[in-house]
Amino acid sequence: MLGLKVEIWEHWEELCCYFMEQIAHKHDPHIKYQCYGHKGQSQFGVDLVPKSSDFPLVGQCKLRETSFTWKQVLDELEKTDGYAGKIQGYVIFTTAHKHTTIQDQQNSGSVYRHKRPDGSSFSVHVKHWADYSADDLKSIPQDVLQRIFPNAYSLSVTPQAPSNDDYMVSLAKLRSYVPTCLSVSDLHWLEQYDFTLGWIPELAFDAFRDLHRDVEQVEDALRFNIKSWLHQEGSEEIKASLLAGKDFYDALKVFVNGVQGQIVGDNLPDGTSILTVTDQPRWEKHARQFASDAQYLANVYRMSILGERVRN
Numbered sequence: 001m002l003g004l005k006v007e008i009w010e011h012w013e014e015l016c017c018y019f020m021e022q023i024a025h026k027h028d029p030h031i032k033y034q035c036y037g038h039k040g041q042s043q044f045g046v047d048l049v050p051k052s053s054d055f056p057l058v059g060q061c062k063l064r065e066t067s068f069t070w071k072q073v074l075d076e077l078e079k080t081d082g083y084a085g086k087i088q089g090y091v092i093f094t095t096a097h098k099h100t101t102i103q104d105q106q107n108s109g110s111v112y113r114h115k116r117p118d119g120s121s122f123s124v125h126v127k128h129w130a131d132y133s134a135d136d137l138k139s140i141p142q143d144v145l146q147r148i149f150p151n152a153y154s155l156s157v158t159p160q161a162p163s164n165d166d167y168m169v170s171l172a173k174l175r176s177y178v179p180t181c182l183s184v185s186d187l188h189w190l191e192q193y194d195f196t197l198g199w200i201p202e203l204a205f206d207a208f209r210d211l212h213r214d215v216e217q218v219e220d221a222l223r224f225n226i227k228s229w230l231h232q233e234g235s236e237e238i239k240a241s242l243l244a245g246k247d248f249y250d251a252l253k254v255f256v257n258g259v260q261g262q263i264v265g266d267n268l269p270d271g272t273s274i275l276t277v278t279d280q281p282r283w284e285k286h287a288r289q290f291a292s293d294a295q296y297l298a299n300v301y302r303m304s305i306l307g308e309r310v311r312n
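Just so we're aligned, residue 1 is where the sequence shown starts under UniProt numbering, counting upward by one.
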């Protein structure tokens, strides 16, 4: 994660236990994870296992600054052949920089499966610390984060409730800044584009994605006290607009994340870059959701940014 560095092996294992729980909670919301064995013991390529459960999802932690390659992933998988428990899913968490061999495997179009000596197989996933955001840390207790990142993470004192004057100042900043990023033309595109086609021009989507990225970075900088992130152009305006802009920025997040979570890149015959879902099963459902999220964002834009009354 940009701006936060894990220094101690035990801290990385502790964080990865929480990350494993985030994944496992999609199947069992009560499952907890623990470290498997201790240093000096043969762990058979497994560092993280469920606590008081036979749930077949296990993990491996790699704290390193050097590269971590797909060949090294395969070496870890070979070790798991000696693991006695069942494995249906295997996740490797690493602080290493991304390596092309792992990215090539992840972009191959299919999830890699390792075959065990007993004939069973399991899916393999590699998670890089660089891909995690502040949202991924929300399920981790604040005292844990403060202990692991004492110089970057600060527990906030409950602030004084903002006054009406504070809100009006924030609203003025919201209404002056957002149109410099998302113009009325962008608003009209939201309202008029036929999302049921199943694809959107990437150029039209970029403005929404860029603003959402900038807002998230400012929010993360404030949450984790990472002052260097506030040096980016526009950060001061975004910070000042957060109070009055909550509804708008929330709607923007829903629209952007909804699209980014489903689409893949492609090109039209004329070379236009597009984002499409038409190669997915039941893509029409996703397209209708895009249209619904876009209309809601447009309505909030008209109310929050333009000050209009919108009839539902």
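Glycine residues also receive a C-beta, built at the ideal position from the N, C-alpha and C atoms.
The alpha helix (DSSP H) spanning aspartate 250 covers which residue range?
Translated into the one-based positions of the sequence shown, residue 250 becomes position 250. Looking at the DSSP string, the run of the alpha helix (DSSP H) that includes aspartate 250 is 235-260.
TODO: Mind checking which residues open and close the alpha helix (DSSP H) that includes histidine 11?
DONE: Residue numbering aside, residue 11 sits at position 11 when the sequence shown is read from its first letter. For histidine 11, the uninterrupted alpha helix (DSSP H) run begins and ends at 9-24, by DSSP.
TODO: Using three-state DSSP, classify glutamine 41 as helix, strand or coil.
DONE: Within the sequence shown, numbered from 1, the residue matching residue 41 stands at position 41. Here glutamine 41 carries a coil assignment [DSSP, helix/strand/coil].
*For valine 300, which of helix, strand or coil comes out of DSSP?*
On the sequence shown, position 300 is the one that residue 300 refers to. Of the three classes helix, strand and coil, the one that applies to valine 300 here is helix, per DSSP.
Secondary structure of aspartate 266, DSSP reduced to three states
Looking up residue 266 in the sequence shown gives position 266. Strand at aspartate 266.
**OP:** Could you work out which residue in Trp9, Met303, Pro56 is closest to serine 123 when comparing CA atoms only?
**Re:** Within the sequence shown, the letter at position 123 stands for residue 123. Checked all of Trp9, Met303, Pro56; the closest Cα to serine 123 is Pro56.
Taking glycine 258 and glutamine 289 to be in contact with their CB atoms under 8 Å, please state how far apart those CB atoms are, rounded to whole angstroms. In the sequence shown, residue 258 corresponds to position 258, counting from 1. In the sequence shown, residue 289 corresponds to position 289, counting from 1. Their Cβ separation, rounded to whole angstroms, is 6 Å, which keeps glycine 258 and glutamine 289 in contact under 8 Å.
Stretch pair the region 47-61 + the region 5-17: three plus CB contacts closer than 8 Å: Contact between the region 47-61 and the region 5-17 is present: three or more C-beta pairs spanning the two stretches fall below 8 Å.
> How big is the Cα-Cα spacing for aspartate 210 and aspartate 131?
Replying inline: Position 210 of the sequence shown, counted from the first residue, corresponds to residue 210. Position 131 of the sequence shown, counted from the first residue, corresponds to residue 131. Using only the alpha carbons, I get a separation of about 17 Å.
| message | Just list the residues that DSSP pairs glycine 59 with in beta bridges. | response | As a working mapping, residue 59 is identified with position 59 in the sequence shown. For glycine 59, which the question treats as bridged, DSSP gives the partners Leu48, Val91.
Have a look at the DSSP bridge pairing and note the partners of phenylalanine 122. Here residue 122 corresponds to residue number 122 of the sequence shown, with the count starting at 1. Phenylalanine 122 is bridged to His114.
Nearest-angstrom Cα separation, counted from glutamate 237 out to serine 170: Here residue 170 corresponds to residue number 170 of the sequence shown, with the count starting at 1. Here residue 237 corresponds to residue number 237 of the sequence shown, with the count starting at 1. Answer to the nearest angstrom: the Cα atoms are 9 Å apart.
Per DSSP, leucine 275 is paired with what? If you number the sequence shown from 1, residue 275 lands on position 275. Bridge pairing for leucine 275: Ile200, Gly265 [DSSP].
Inset, instruction - Report all residues from its chain with a CB closer than 6 Å to the CB of threonine 158; omit the five preceding and five following residues, and keep chain order. - result: For this step, residue 158 is matched to residue 158 along the sequence shown. Its pLDDT being 46, under 50, threonine 158 is placed unreliably in this model, and the value from its coordinates should be taken loosely. Counting only Cβ-Cβ distances below 6 Å, and skipping sequence neighbours, we find nothing.
- request: Please confirm whether glutamate 233 and alanine 298 have their CB atoms less than 7 Å apart.
  value: Taking the sequence shown and counting its residues from 1, one reaches residue 233 at position 233. Taking the sequence shown and counting its residues from 1, one reaches residue 298 at position 298. No.
**Asked** Any idea if valine 111 is buried or exposed, counting beta-carbon neighbours within 10 angstroms, 16 or more meaning buried?
**Response** Looking up residue 111 in the sequence shown gives position 111. With a 10 Å radius around the Cβ and a threshold of 16 neighbouring Cβ atoms, valine 111 comes out exposed.
Lysine 138 - DSSP class collapsed to helix/strand/coil: In the sequence shown, counting from the first residue as 1, residue 138 sits at position 138. The three-state reading of DSSP puts lysine 138 in coil, since its state is none of H, G, I, E or B.
What is the rounded straight-line gap between the Cα of arginine 302 and the Cα of phenylalanine 248? As a first step, residue 302 is located in the sequence shown; it is residue number 302 there, counting from the start. As a first step, residue 248 is located in the sequence shown; it is residue number 248 there, counting from the start. Cα to Cα, arginine 302 sits roughly 10 Å from phenylalanine 248.
Starting from the C-beta of histidine 25, find all residues in its chain whose C-beta is less than 6 Å away, skip the five residues before and the five after it, and write them out in chain order.
Taking the sequence shown and counting its residues from 1, the one referred to as residue 25 is at position 25. Counting only Cβ-Cβ distances below 6 Å, and skipping sequence neighbours, we find nothing.
Sequence-distant residues of the same chain with beta carbon closer than 8 Å to lysine 51, five excluded per side:
Position 51 of the sequence shown, counted from the first residue, corresponds to residue 51. Same-chain partners within the cutoff: Ile31, Lys32, Tyr33, Gln34.
Query raised in the report: Between Asp293, Gln142, Asp104, Ser108, which lies nearest to tyrosine 193 when the distance is taken from Cα to Cα?
Result: For this step, residue 193 is matched to residue 193 along the sequence shown. Answer by Cα proximity: Asp293.
**Message:** Output needed for histidine 212: all residues of its chain with C-beta closer than 7 Å, excluding positions within five of it in sequence on either side, in chain order.
**Reply:** Working through the sequence shown from its first residue, we reach residue 212 at position 212. The residues Leu252, Lys253, Val256, in chain order, have a CB closer than 7 Å to that of histidine 212 in the same chain once the five nearest residues on each side in sequence are set aside.
Helix, strand or coil at lysine 5 [DSSP, three-state]: In the sequence shown, residue 5 corresponds to position 5, counting from 1. Coil.
- Message: Suppose you measure from the CA of cysteine 181 to the CA of serine 53; what does that come to, to the nearest Å?
- Response: Position 181 of the sequence shown, counted from the start, is the residue given in the question as residue 181. Position 53 of the sequence shown, counted from the start, is the residue given in the question as residue 53. Those two C-alpha atoms are separated by around 49 Å.
For the ligand NAP, I want to know if glutamate 76 counts as a neighbour, meaning its beta carbon is within less than 6 Å of at least one of the ligand's heavy atoms. Absence of the ligand NAP from the depicted structure is noted, as is the absence of any ligand whatsoever, leaving it without description.
Leaving out the 5 sequence neighbours to the left and right, which residues in its chain are closer than 7 Å to threonine 278 when beta-carbon positions are compared? Stepping through the sequence shown from its first residue, residue 278 is reached at position 278. Excluding positions up to five away in sequence, the list reads Gly198, Trp199.
**Prompt:** Taking the continuous alpha helix (DSSP H) assigned at glutamine 106, which residues delimit it?
**Reply:** As a working note, residue 106 is residue 106 in the sequence shown. Its alpha helix (DSSP H) spans residues 100-106.
Next item on the list: May I have the straight-line CA-CA distance separating methionine 168 from alanine 244, to the nearest angstrom?
Entry: Counting from one through the sequence shown, the residue named residue 168 turns up at place 168. Counting from one through the sequence shown, the residue named residue 244 turns up at place 244. Taking the straight line joining both Cα atoms gives about 8 Å.
### Span of the alpha helix (DSSP H) around tyrosine 33
Within the sequence shown, the letter at position 33 stands for residue 33. Residue range 33-35 is occupied by the beta strand (DSSP E) that includes tyrosine 33, with no alpha helix (DSSP H) assigned at that position.
Going by alpha carbons, who is nearest to serine 176 out of Leu242, Trp229, Pro150? Residue mapping note: residue 176 aligns to position 176 of the sequence shown, counting from 1. Selected option, being the one with the closest Cα: Leu242.
query = Is it right to say serine 185 is buried, meaning 16 or more other beta carbons lie within 10 angstroms of its own, or is it exposed?
reply = In the sequence shown, residue 185 corresponds to position 185, counting from 1. Label assigned to serine 185: exposed.
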